[in-house]
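Colleague:
Residue numbers (this note's numbering): 2 to 113.
#1: With DSSP run on the structure shown, which of helix, strand or coil describes residue 69?
#2: Using a Cβ-Cβ cut-off of 6 Å (strictly less than) and excluding sequence neighbours within five positions of residue 135, which residues of its own chain qualify?
#3: Could you spell out the range, first to last residue, of the alpha helix (DSSP H) harbouring residue 8?
#4: Does the ligand COA have a heavy atom nearer than 6 Å to the CB of residue 72?
#5: Strictly by DSSP, which residues pair up with residue 16?
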């Protein structure tokens, strides 16, 4: 099994750069659009959406590094209320919960 290394740094401009290095695969890493039922393949698409910049270094034989730079300034998410756009049958008043528990994960209220 190939080793995986991760590193990060924060530069003077407040950018967090994260890099993950592993043994690579048969092809160069690219963002993909997997089927809804696929168990993987969404990682780089998520990184592309969140990062200010990202890339792949594969100049060392047997190693591939994917890196992403994220801004720490104004990086906190803002809650977007979706209920005004939803039909009444899909709002919380119809008996549905807006927070579904995920098996094996603690509820956010239980986290420190």
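Backbone N, C-alpha and C define an ideal beta-carbon position, used for all residues, glycine too.
Since the structure is predicted, the reported quantities are computational estimates derived from the model, not experimental observations.
Modeller: Considering the structure as presented:
#1: Per DSSP, reduced to three states, the secondary structure at residue 69 is strand.
#2: Here the chain has residues from 2 to 113 only, and residue 135 is not among them.
#3: For residue 8, there is no enclosing alpha helix (DSSP H); the enclosing beta strand (DSSP E) has its first and last residue at 6-11.
#4: With respect to the ligand COA, the structure offers nothing, as it holds no ligand at all.
#5: For residue 16, which the question treats as bridged, DSSP gives the partners 72.
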